[in-house]
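The block underneath contains the structure these notes are about, expressed in structure tokens.
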Amino acid sequence: MNHERLNNHERHRRPRLRALPVNSLIPNMLTVISLCAGLTSIRFSLNERWELAVLAIVFAGIMDGLDGRLARLLKGVTRFGAELDSLADFLSFGVAPVFVLYLWSLNSLGGFAGMGWIAVLVYAVCCALRLARFNTMADAHQQQPAWTLNFFVGVAAPAAAGLAILPPVLTFQIPALEPVLRSPYLLAPYVMGIAALMVSRVPTVSLKRLRVQRSYVLPILLGIGIGVAALTVYPWVTLGACGIAYLVSIPITAYRYLQLQHRHSLRPAAAEPAEGTPASPPAASSVEPPAFPADNRPARLH
Numbered sequence: 162m163n164h165e166r167l168n169n170h171e172r173h174r175r176p177r178l179r180a181l182p183v184n185s186l187i188p189n190m191l192t193v194i195s196l197c198a199g200l201t202s203i204r205f206s207l208n209e210r211w212e213l214a215v216l217a218i219v220f221a222g223i224m225d226g227l228d229g230r231l232a233r234l235l236k237g238v239t240r241f242g243a244e245l246d247s248l249a250d251f252l253s254f255g256v257a258p259v260f261v262l263y264l265w266s267l268n269s270l271g272g273f274a275g276m277g278w279i280a281v282l283v284y285a286v287c288c289a290l291r292l293a294r295f296n297t298m299a300d301a302h303q304q305q306p307a308w309t310l311n312f313f314v315g316v317a318a319p320a321a322a323g324l325a326i327l328p329p330v331l332t333f334q335i336p337a338l339e340p341v342l343r344s345p346y347l348l349a350p351y352v353m354g355i356a357a358l359m360v361s362r363v364p365t366v367s368l369k370r371l372r373v374q375r376s377y378v379l380p381i382l383l384g385i386g387i388g389v390a391a392l393t394v395y396p397w398v399t400l401g402a403c404g405i406a407y408l409v410s411i412p413i414t415a416y417r418y419l420q421l422q423h424r425h426s427l428r429p430a431a432a433e434p435a436e437g438t439p440a441s442p443p444a445a446s447s448v449e450p451p452a453f454p455a456d457n458r459p460a461r462l463h
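Counting from 162, one number per residue, gives the positions in the sequence shown under my numbering.
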């Protein structure tokens, strides 16, 4: 009898799990779909169905781009969704792409077969480190100037996955390039280079805080429609062009970041009062954080 009373007492003391609202459930469903797409890509690569393996990673990237935006739109951002998204990112963009490349090329390095697997491990570890760094910086709530919100620090995990699958994509469209792009001796350094970019401090473009003027809304929607149509009709040309354009944008974005950093670093010096003039309290917009800001990580940790 006492044992039964004790169990009832513990049952009442046990914290109850709150019901998950629908506005939080829908983004998490997209995250789970992204996770399943990454796993499916691995399955396709085991069967040497390379095109389907690559398309599964692309689909995972689309789902990853939608879940965070939908969570903010529906006001369904949760810590659970953020952690789930981070785990899905690691599998879909940190494991699946490089696993496809390993079976596609990197396992044929001859006497240096171990180097191909080392490239796989380096890429996966760097992706995990990047996601862990983002999680830590998201919890730190560090202050950043507004202009830095248009930049990422290093290459984001979905973008790195897109760069990783770029060689197979180009060979699907131009088979004559396969002897070069499928060479493990060239692909292994390429994969390690992408891994280094993920954990680097190189600024890259971020479109998450992009504000579009009303006059540009219709042209942008038209461009998106054309892009979707091109992706449907000419998938490899479209994906290849996007990958090359992103590669070209990296040095351009870094140069633009340095320009903005230099411009904003001069503002506090110009605003200092002359000698003998009483100094007014600084405005909120004139307070500058450290020279290179931390990553701006949305609540869902994309």
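Each residue gets a CB set at the ideal place from its N, CA and C atoms; glycine is no exception.
Rounded C-alpha distance that separates residue i from residue j
| i | j | result |
| --- | --- | --- |
| V314 | F295 | 10 Å |
| L186 | L245 | 12 Å |
| P258 | I218 | 7 Å |
| I203 | H423 | 45 Å |
| G226 | P319 | 9 Å |
| W211 | D228 | 26 Å |
| S266 | S344 | 7 Å |
| L196 | Y377 | 34 Å |
| P188 | A232 | 5 Å |
| A357 | C287 | 7 Å |
| G275 | S269 | 10 Å |
| Y395 | L327 | 15 Å |
| A198 | A221 | 5 Å |
Extent of the continuous alpha helix (DSSP H) run through residue i
| i | result |
| --- | --- |
| V256 | Segment: none, V256 is in no alpha helix (DSSP H) and carries neither H nor E. |
| V314 | First-last for V314: 312 to 314, but that is the beta strand (DSSP E), not the alpha helix (DSSP H). |
| S202 | 183 to 207 |
| P345 | 345 to 360 |
| L472 | No answer is possible for residue 472: it lies beyond the span of the chain, which begins at 162 and ends at 463. |
Residue i, buried or exposed, once every other Cβ within 10 Å from all chains shown has been counted against 16
| i | result |
| --- | --- |
| Y263 | buried |
| I355 | buried |
| T297 | exposed |
| G404 | buried |
| E436 | With a pLDDT of 40 at E436, under the threshold of 50, the modelled position of this residue cannot be trusted; read the value that follows with caution. The residue in question, E436, is exposed, as its Cβ has fewer than 16 Cβ neighbours within 10 Å. |
| L248 | exposed |
| N465 | Residue numbering for the chain in the displayed model covers 162 to 463; residue 465 lies beyond these limits and cannot be assessed. |
| G384 | exposed |
| M190 | exposed |
For residue i, three-class secondary structure by DSSP
| i | result |
| --- | --- |
| T365 | strand |
| V238 | coil |
| Y395 | coil |
| Y407 | helix |
| L270 | coil |
| I326 | coil |
| G222 | helix |
| R372 | coil |
| A317 | coil |
| R233 | helix |
| R210 | coil |
| I385 | helix |
| L427 | coil |
| I279 | helix |
| I413 | helix |
Cutoff 9 Å: residue i Cβ touching any chain B Cβ
| i | result |
| --- | --- |
| V238 | Looking for chain B here will not work: only one protein chain is present. |
Counting Cβ pairs closer than 8 Å, one from the region 342 to 349 and one from the region 235 to 249, do we hit at least three?
As far as the Cβ criterion goes, the region 342 to 349 does not touch the region 235 to 249, which means the pair count is below three.
Is there contact here, the region 357 to 368 with the region 414 to 423, by at least three beta-carbon pairs under 8 Å?
Using a C-beta cut-off of 8 Å, the region 357 to 368 makes contact with the region 414 to 423, since at least three inter-stretch Cβ pairs fall below that distance.
Quick test of the definition: if touching needs 3 or more C-beta pairs under 8 Å, does the region 387 to 402 touch the region 326 to 338?
yes
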